[in-house]
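Structure record follows, encoded as structure tokens.
Protein chains: 2
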Amino acid sequence: MYELWYWPSIPGRGEFPRLALEAGGIPYRDMAREAGDDGYAALSRDLGITRDDPPFAPPYLIAGDMVIGQAANILLFLGETHGLAPSDAAGRLWANQCQLTIADMVAEAHDTHHPVSVSAYYEDQTAEAKRRAEDFRTNRIPKFLTWFERILTRRGDWLTGDHWSYADLSLFQLVEGLSFAFPRRMARVARDTPRVLALRDAVRGLPELRDYLASDRRLPFSDGIFRHYPELDGE
Amino acid sequence: MYELWYWPSIPGRGEFPRLALEAGGIPYRDMAREAGDDGYAALSRDLGITRDDPPFAPPYLIAGDMVIGQAANILLFLGETHGLAPSDAAGRLWANQCQLTIADMVAEAHDTHHPVSVSAYYEDQTAEAKRRAEDFRTNRIPKFLTWFERILTRRGDWLTGDHWSYADLSLFQLVEGLSFAFPRRMARVARDTPRVLALRDAVRGLPELRDYLASDRRLPFSDGIFRHYPELDGE
Chain A
69 MYELWYWPSI
79 PGRGEFPRLA
89 LEAGGIPYRD
99 MAREAGDDGY
109 AALSRDLGIT
119 RDDPPFAPPY
129 LIAGDMVIGQ
139 AANILLFLGE
149 THGLAPSDAA
159 GRLWANQCQL
169 TIADMVAEAH
179 DTHHPVSVSA
189 YYEDQTAEAK
199 RRAEDFRTNR
209 IPKFLTWFER
219 ILTRRGDWLT
229 GDHWSYADLS
239 LFQLVEGLSF
249 AFPRRMARVA
259 RDTPRVLALR
269 DAVRGLPELR
279 DYLASDRRLP
289 FSDGIFRHYP
299 ELDGE
Chain B
69 MYELWYWPSI
79 PGRGEFPRLA
89 LEAGGIPYRD
99 MAREAGDDGY
109 AALSRDLGIT
119 RDDPPFAPPY
129 LIAGDMVIGQ
139 AANILLFLGE
149 THGLAPSDAA
159 GRLWANQCQL
169 TIADMVAEAH
179 DTHHPVSVSA
189 YYEDQTAEAK
199 RRAEDFRTNR
209 IPKFLTWFER
219 ILTRRGDWLT
229 GDHWSYADLS
239 LFQLVEGLSF
249 AFPRRMARVA
259 RDTPRVLALR
269 DAVRGLPELR
279 DYLASDRRLP
289 FSDGIFRHYP
299 ELDGE
């Protein structure tokens with residue numbers, strides 16, 4: 069059985085492979101969360117194990133002899149192994165391309181509240197955060213979401229084909245995170261990206277995810293990558 | 069023949085697929101650079117073409133019917149198609165994992181001089197840049213390069229096997245860029261990461277790259293992702 073390792077208290081980047089595992093009905097153990105109050109320490113211990121190919125950072129998936137790091141790489145593996153993406157070369161690469169673009173936006177969303185240093189407190193970089201967040205709201209959110217809107221305009225309901233793929237699950241998670249962090253801005257952007265919002269709703273309603281999304285395994289957003297600071301959300 | 073599209077005046081993210089194409093001896097056209105003084109306009113026009121799957125941003129590679137965006141995705145394709153990475157599942161995913169980690173560091177290196185907005189001038193974000201660069205120099209450069217050093221300590225000369233792969237070419241390019249942008253800091257870090265520096269030297273000396281690296285096709289670093297501002301390089 070697969071073992072997924074990620075920080076236990078936030079959805080973060082771990083939620084992207086987790087959604088694919090859940091929607092795919094793929095058995096896995098969520099190791100740090102299983103460890104309960106000891107989750108952080110358990111993850112730190114596991115990161116300290118001497119391995120030929122240590123992961124740079126969580127999330128990582130242990131699959132037999134493989135330790136697969138980088139969320140997009142885990143999804144590439146799950147997509148190929150469990151049919152969660154098209155299997156032809158063009159479709160496989162396209163799903164990966166969508167995922168990498170989502171990952172870029174996730175990183176930029178994170179940097180709105182930590183534009184100076186990931187190891188310093190938000191409170192010590194609020195001035196910089198306000199400038200970065202303004203640019204993100206004004207330029208980056210429309211640029212990224214309009215791109216996805218264009219894709220869906222031509223392709224239909226899903227990013228990669230007639231059925232959801234892991235890239236659709238990830239776009240759902242991205243929009244959920246942005247809506248949590250930037251509710252005012254996203255309410256405006258929604259008018260220009262109806263297909264992106266419809267995809268978000270469609271994933272939210274997937275029978276494959278119903279139990280998971282209603283369970284306490286589905287972690288709420290809080291102080292992870294997507295954070296709601298009203299002062300960063302603009303007018 | 070493949071068509072590579074990227075901004076014509078900087079190595080940037082285009083240099084990662086370009087190095088793989090060159091070292092692999094793979095015929096390709098470097099479209100914006102072929103257009104000479106019209107390169108930027110040619111790329112802008114090409115980006116404006118209506119396509120089913122438009123790229124989000126350069127670089128992208130046109131390969132038959134496919135328009136492959138995201139540097140790591142282009143490399144995944146080239147690696148599989150031209151044997152520039154291991155062909156077994158574990159090796160293929162590992163090369164991709166290394167590449168994605170390199171891509172993360174490239175993005176962070178860019179943000180040292182543009183921590184607030186990619187669309188604003190450096191001169192309008194120098195205060196923020198100094199803070200971000202300090203964190204990058206102090207925390208991020210050692211964290212990333214030490215990870216690669218650990219890999220090479222266990223695996224040997226190359227990241228993914230007995231022979232170079234596209235990930236090694238990319239690590240070379242990353243170290244070259246960091247050495248251009250942060251020469252003082254890199255001179256210090258070099259003492260702790262001899263294997264990473266040896267890999268850089270080994271790629272620099274590859275017979276497959278000799279002609280390319282000596283040619284004017286190899287663009288120097290200037291005002292792209294890796295920039296040398298002495299005030300960002302610390303003491």
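Residue numbers (this note's numbering), protein chains in the order written: chain A, 69 to 303; chain B, 69 to 303. Glycine included, every Cβ here is placed at the ideal spot set by N, Cα and C.
In the same chain as B:Phe-212, and ignoring 5 residues on each side of it, the C-beta atoms closer than 6 Å to its own belong to Met-173, in chain order. Looking at the DSSP output, A:Glu-303 sits in no beta bridge, so it has no partner there. For a cut-off of 8 Å, the C-beta gap from A:Phe-289 to A:Arg-268 is around 14 Å, too long to register as a contact. Straight-line spacing of the CA atoms in A:Gly-82 and A:Leu-168 works out to 15 Å. Contact with chain A is absent for B:Leu-274, since none of that chain's Cβ atoms lies less than 8 Å from the residue's Cβ. Per DSSP, A:Met-134 lies in no alpha helix (DSSP H); the unbroken beta strand (DSSP E) holding it starts and ends at 134-137. Setting aside the 5 residues that flank it on each side, B:Asp-98 is surrounded in the same chain by Leu-72, each with a C-beta closer than 6 Å to its C-beta; the list follows chain order. For A:Trp-215, the neighbours in chain B by C-beta distance under 7 Å run, in chain order, Phe-124. Along the length of the stretch 134-212 of chain B, whole beta strand (DSSP E) runs at least 3 residues long occupy 134-137, reported in chain order.
If you check each beta-carbon in the stretch 177-191 of chain B against every beta-carbon of chain A, the ones closer than 9 Å belong to Asp-179, Pro-183, Val-184, Ser-185, Val-186, Ser-187, Ala-188.
One alpha carbon belongs to B:Met-134, the other to B:Pro-127, and they sit about 14 Å apart. The beta carbon of A:Gly-137 sits closer than 8 Å to some beta carbon of chain B.
The CB of A:Leu-168 comes closer than 7 Å to the CB of Gln-138, Ala-140, Asn-141 in chain B, given here in chain order. At a C-beta separation below 7 Å, B:Trp-162 has these neighbours in chain A: Asp-121.
Legend: CB atoms of the stretch 199-212 of chain A lying less than 7 Å from CB atoms of chain B belong to residues Arg-199, Arg-200, Asp-203, Asn-207. For B:Leu-220, the three-state secondary structure derived from DSSP is helix.
Between the alpha carbons of A:Thr-214 and A:Ala-258 lies a gap of roughly 10 Å.
For the stretch 240-260 of chain B, the set of residues with a beta-carbon nearer than 9 Å to any beta-carbon of chain A is empty. Annotated as distal: B:Ala-139 and B:Ala-109, with beta-carbon spacing of 8 Å or more.
Membership of B:Tyr-70 in any alpha helix (DSSP H) is not indicated; the residue belongs instead to the beta strand (DSSP E) covering 70-73. Secondary structure at B:Tyr-108: helix, using DSSP grouped into helix, strand and coil. Remark: C-beta atoms of B:Arg-199 and A:Glu-196 approach each other more closely than 8 Å. Scanning its chain for C-beta atoms nearer than 6 Å, with the 5 sequence neighbours on each side dropped, one finds around B:Leu-287 the residues Pro-79, in chain order.
Annotation: A:His-296 to A:Phe-250 spans about 7 Å, alpha carbon to alpha carbon. At a cut-off of 8 Å between beta-carbon atoms, B:Asp-133 makes contact with chain A. Proximity of chain A to B:Glu-196 at the Cβ level (cut-off 9 Å) is accounted for by Pro-183, Val-184, Gln-193, Ala-195, Glu-196, Arg-199, Arg-200, in chain order. Under the 8 Å criterion on CB atoms, A:Leu-237 is classed as non-interfacial with respect to chain B. Here B:His-231 is exposed, its C-beta having fewer than 16 other C-beta atoms within 10 Å.
For the stretch 74-85 of chain A, the set of positions with a beta-carbon nearer than 7 Å to some beta-carbon of chain B is empty. Straight through space, the alpha carbons of B:His-182 and B:Ile-209 are spaced by roughly 17 Å.
In chain order, Asp-172, Ala-175 make up the part of chain A whose C-beta sits under 8 Å from the C-beta of B:Ala-175.
The C-beta of B:Thr-261 has 16 or more other C-beta atoms within 10 Å across all chains shown, which makes the residue buried.
Proximity of A:Arg-218 to chain B, defined by a Cβ-Cβ separation below 8 Å, is satisfied.
Taking 8 Å as the cut-off, the beta carbon of B:Asp-121 is found closer than this to the beta carbon of A:Trp-162.
When DSSP reads this structure, A:Ala-131 sits in a beta bridge with A:Met-134.
The DSSP-derived three-state label of B:Tyr-280 is helix.
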